[in-house]
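So the structure is just underneath, and the comments pick up after that.
As structure tokens, then:
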């Protein structure tokens, strides 16, 4: 069973939304990019929110997300997992990322958006109980996984749910930063 080490977070100066996956896939690890599998719908959905096409260079997509107020990270810093399926994560080996530190230094965050049920369950079990103060009361939503393994919803249905959940928090950033993108 291989040990998977997650990426550093993609953070802008004043993110409003923190999108959390569980752990990078094999394709993501090989490309050294969040959500690199070609059938993962994450960047297509982000394109709806940021205006940056899914086919743009990774650096451009990442920067567009950050400028829009979206931070990207994973619940787990490391775990043992063969392959890419969340169901294969050895729960006895999980090490979570340091959310207390992140949330202390990014006080602009208003919403934690879990990309799928596994990310939400890992967050609820391993992270939420240790959070204190404002960090413990941040709004959280579980969204349909953008993974190609989640074929129960169409791209349009996923995008509608993601946009409905994230746009209100991102619009609030317009009050703070008039240079933020138009999120209509």
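Numbering (my numbering), first residue to last: 42 to 225. For every residue, glycine included, the Cβ atom is placed at its ideal position computed from N, Cα and C.
Taking 8 Å as the upper bound for CB-CB distance, residue 62 and residue 180 are not in contact here, some 18 Å apart.
Per DSSP, residue 88 lies in no beta strand (DSSP E); the unbroken alpha helix (DSSP H) holding it starts and ends at 83–91. Of 156, 133 and 165, the smallest CA-CA separation from residue 200 is found for 156. In the DSSP assignment, residue 168 falls outside any beta strand (DSSP E), carrying neither H nor E.
In its own chain, leaving out the 5 sequence neighbours on each side, no residue places its CB closer than 6 Å to the CB of residue 141. If you look at residue 144, you'll find it in the alpha helix (DSSP H) that goes 140–146. Judged by their CB atoms, residue 205 and residue 58 are not nearer to each other than the 7 Å cut-off. Taking a 10 Å sphere around the C-beta of residue 126, we find fewer than 16 other C-beta atoms and assign the residue as exposed. If you check the CB distance, residue 119 and residue 46 come in under 7 Å. For the set 153, 189, 167 and 190, the Cα lying nearest the Cα of residue 175 is the one of 153.
Between the C-alpha atoms of residue 56 and residue 98 there is a straight-line separation of about 21 Å. Cβ-Cβ separation between residue 121 and residue 44: approximately 5 Å, consistent with a contact (criterion under 8 Å). Between the region 107–118 and the region 75–91 there are three or more inter-stretch CB-CB distances shorter than 8 Å, so the stretches are counted as touching. Residue 86 has its alpha-carbon roughly 11 Å from the corresponding atom of residue 186.
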